[in-house]
Structure formats: C-alpha cells, structure tokens
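Student: Read in order, the letters of the sequence shown correspond to residues 11 to 373 in the working numbering.
Please read through the structure below; I'll follow up with questions.
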Amino acid sequence: MAGLKLENVCKRYGAVQVIENLSLDVAEGEFVVFLGPSGCGKTSLLRMVAGLEEVSGGRILIGDRDVTVAPPGQRNLAMVFQHYALYPHMSVRENLAFGLRNIGIPADEITKRIQESARMLELDTLLDRKPGQLSGGQRQRVAIGRAVVKEPGIFLFDEPLSNLDAALRGRTRLELAQLHQRLGATMVFVTHDQIEAMTLATRIVVMKGGAIEQVATPAELYRRPATKFVASFIGTPGMGFVPVERAADDRGRAVVTVPGGASVVTRVAADGLASQGLVLGVRPENLRVAEQGPLRGRVELVEFLGERTLAHLKLEGGTPLIVTVPAGVSLRLGSHVAVSVDVAEAHLFDEAGLAHHAQEALQ
Ligand SMILES: Nc1ncnc2c1ncn2[C@@H]1O[C@H](COP(=O)(O)OP(=O)(O)OP(=O)(O)O)[C@@H](O)[C@H]1O
Ligand SMILES: [Mg+2]
C-alpha cells in the first residue's frame with residue numbers, strides 16, 4: 011500500500027495545455043474517483059501517474075518516493091484500462107500469470123496469487139477458458155484480476171466498467187467496492203459517470219477542463235457543491251437553477267425575487283454577495299408542490315418513479331424546474347402550481363459560478 015501525491019502536475023500535447031497545475035494528496039487506502047466530462051484530462055492524468063505518459067511539469071510521488079521520471083514497472087502500481095485487452099490465445103490462468111512471470115515471480119508464488127485472486131473475483135471455474143469463451147463481465151473481472159495478482163501499492167482504473175451493460179455495471183461496481191474493502195489498497199478510479207463516483211469513492215475529485223473544480227466526500231459534494239458546475243454534474247435529476255434578483259436583506263440573510271415576483275428569504279449570508287447575476291440552486295427533493303410556495307410554474311410532465319413522483323415545470327420566463335409531488339397530490343398537465351423551497355438546502359450561485367451556501371446560523 012502507498013499514498014499518492016501530485017504536485018503542480020501539468021500536461022501539454024504540443025501547444026495544447028490539457029492539465030494545469032494539478033495538486034492532490036491521496037492517502038494510503040483511499041478510494042479516490044476522478045469525475046469529469048469527456049476530454050477534461052482524466053486519462054491523461056492517470057497515464058502520467060502510471061508512467062505511460064511524460065509529465066510536462068510538476069512532480070508525482072508514490073509513498074515518499076519521487077517517481078516523476080521512473081519507468082512504469084518501478085512504480086508499484088497496476089492499471090486497468092478503459093479498453094482492456096486480454097491475450098485471446100491464452101487461458102484465463104495464463105493471462106493472469108503472464109505479467110508475473112515477466113518480472114520473475116517464482117512459479118509457486120504465481121500459483122498462490124492466481125488462486126487467491128480467482129477466489130476473490132469468482133474466476134475459479136473459468137481459469138482454463140480462453141477470453142473468447144467468457145462473457146463481457148467475466149472478461150472485465152479477468153482484467154481486474156491481472157491487476158490484483160500484481161499486489162500493487164496503488165490500483166489505477168480508467169473507466170473499467172464503461173463497456174458493460176447497466177445491470178453488470180452495477181454488480182461489478184459492488185464487487186470493486188468489496189475488493190477495496192478486502193485489500194485495503196489505494197485506488198484511483200476515473201469515470202464520467204457520477205453514480206459510479208458517488209457509490210465507490212471515499213473522495214471525489216471533480217475535474218473541468220484540466221483543473222480540479224472540487225475535492226470532497228460524495229455527501230459533501232452533493233450537499234455543498236463549490237460551484238454551479240459541480241452542482242449540475244452531481245445528482246439525477248440534477249439541481250434546478252432559477253435566475254433571481256437581489257432584494258433588500260433580512261437580518262443578514264440575502265433575500266431574492268424569483269420569476270413571477272415573489273420573494274424568498276434565503277439562509278445565504280447577504281454580506282459579500284453580488285447584487286446581480288445570481289442563480290438560486292435547489293435540488294428536486296428540496297422543492298415541493300405546495301399551495302403557498304413562492305415559485306409558480308406550469309406542469310409540463312409528471313414522472314411517477316415508484317418511491318416518489320416528480321413534476322417537470324416551466325416557470326415564468328421559461329426556466330425549467332423539476333420538483334417533488336407529495337404523496338396523494340395529483341397534477342393535471344398544463345395546470346399551474348406553486349412550489350415551496352427548503353431554504354436550508356438552497357444555494358445561491360454568483361456570476362462566476364461560485365456557490366454561496368445556506369448557513370445554519372442564519373435560520
Ligand atoms: N496524444 C495526444 N495528443 C494530443 N492531444 C491529446 C492526446 N491525448 C489526449 N489529448 C487531448 O487531451 C484532452 C484530454 O484527453 P483525455 O483522454 O485525458 O480526456 P478524458 O477526460 O480521459 O476523456 P474521456 O472521458 O473522453 O475518456 C482532450 O482534449 C484530448 O483531445
Ligand atoms: Mg479517458
């Protein structure tokens with residue numbers, strides 16, 4: 011096991027800068043997930059950590075060792091790729107053994123490691139099959155097994171589940187979480203799937219355009235997103251964003267006017283808040299159809315999801331908003347409803363996209 015430290019890591023491809031001064035500490039045994047849209051630099055970053063790509067600036071440390079220019083084989087890590095390739099002419103057992111034999115691990119040690127990892131990943135009965143005789147999920151497990159048998163200090167995963175169907179993705183996700191619990195190894199996992207990130211990570215690193223937008227636990231990211239980008243990237247359905255105007259403050263709390271003219275006394279500190287370009291951000295579970303609510307909208311669609319019902323509204327001015335419909339309330343399409351806001355969970359975003367959170371002290 012080992013921790014990982016990135017210090018001002020930069021990556022340029024020719025003149026194009028794709029990673030900018032990225033710094034991060036990953037503690038030993040953590041499961042850190044890099045989450046961000048396509049092209050934000052996740053694979054580039056992982057490949058630099060693995061030593062498959064040169065860094066253009068900064069340092070990478072594994073444990074206490076500076077590995078910035080160390081070859082991949084000397085970094086004590088194993089990587090599972092986005093497009094993993096098993097050797098098709100070799101059995102599962104041989105696929106697992108291959109890398110170990112190459113670095114001179116003795117045969118009886120190899121046999122032992124293969125047995126252990128096969129048991130852990132439920133590959134015992136498949137060891138003599140060729141990859142062509144396996145399902146996609148089983149092949150994926152072999153690819154993970156190849157990393158496990160190396161007993162690395164750090165596991166690097168680059169979207170290892172993206173080629174699986176939804177059900178298998180869910181199962182393999184659980185298996186990975188259990189693997190992490192069992193091995194206690196440091197894991198760095200890259201994905202653009204926020205559900206994967208939320209369920210696996212001890213901490214999530216949200217990336218945007220080659221830079222870190224926020225690093226936090228899944229619960230913190232969800233409840234206190236640092237920026238509008240993070241807020242919109244986490245949670246399904248996503249947070250609703252309503253353009254608002256500043257009105258007179260109320261005992262230190264910012265008061266805003268919503269489309270339609272009603273005002274909302276937020277629990278966001280008025281002090282230091284911009285007076286223009288504000289957006290009120292609230293998640294669907296904190297917006298509820300209620301007779302006296304300040305927001306008003308037209309019902310465009312009602313979604314029954316079993317455990318809850320959501321209504322898709324259009325507010326005056328055209329802003330879309332997804333809200334919770336309380337049990338026992340039925341809504342007519344095209345009707346107009348009022349919506350209440352749980353101000354304890356409502357954020358204000360300024361023009362730069364920075365979040366100003368509700369504060370308990372401002373109740
Ligand atoms: N070898 C290369 N030469 C030039 N540009 C590259 C190279 N590899 C990646 N890039 C560019 O660097 C940026 C980051 O790419 P990267 O593959 O790291 O993104 P990513 O976050 O992994 O995206 P995805 O989710 O699509 O896998 C992209 O704009 C990409 O076009
Ligand atoms: Mg990638």
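Idealized CB from N, CA, C, for every residue including glycine.
(1) I want to know whether the stretch 115 to 128 touches the stretch 186 to 196 - three or more CB-CB distances under 8 Å.
(2) Within a Cβ cutoff of 7 Å, which residues of the same chain sit near Glu38, ignoring the five residues on either side of it in sequence?
(3) Give the secondary structure of Asn31 by DSSP, where H, G and I count as helix, E and B as strand, and everything else as coil.
(4) Cβ of Thr53 versus every heavy atom of ligand 2: is any distance shorter than 6 Å?
(5) Can you give me the C-alpha to C-alpha distance between Phe167 and Arg183, rounded to a whole angstrom?
(6) Hey, Gly291 and Ala241: beta-carbon distance below 7 Å or not?
(7) Please name the residue, chosen from Gly51, Asn18 and Arg57, that lies closest to Arg85 on a Cα-to-Cα basis.
(8) Am I right that Ser54 and Lys15 are in contact with their C-beta atoms under 8 Å? What's the rounded C-beta distance?
(9) What do you reckon, is the C-beta of Gly39 under 6 Å from a heavy atom of ligand 1?
(10) Report the partner residues of Asp74 according to the DSSP bridge assignment.
(11) What does a CB cutoff of less than 6 Å around Val158 pick up in its chain, not counting 5 residues either side in sequence?
(12) With distances taken Cα to Cα, identify the nearest neighbour of Ala229 among Ile205, Asp35 and Val347.
(13) At a cut-off of 6 Å, would you count Ser48 as near ligand 1, judging by its Cβ distance to the nearest heavy atom?
(14) Is His202 near ligand 1, judged by its Cβ being under 6 Å from some heavy atom?
(15) Would you report the Cα separation of Glu310 and Pro247, rounded to the nearest angstrom?
Tutor: Looking at the atomic coordinates:
(1) no
(2) Within the same chain, Glu38 has close Cβ partners Met11, Ala12, Gly13 and Thr196.
(3) Strand.
(4) yes
(5) 12 Å
(6) yes
(7) Arg57
(8) Actually they do not touch by this definition, with Cβ atoms about 18 Å apart.
(9) Flag unset: Cβ of Gly39 not near ligand 1.
(10) Its beta-bridge partners do not exist; DSSP assigns none.
(11) So the list reads Ser127, once near-sequence residues are dropped.
(12) Minimum Cα distance to Ala229 is reached at Ile205.
(13) yes
(14) yes
(15) 16 Å
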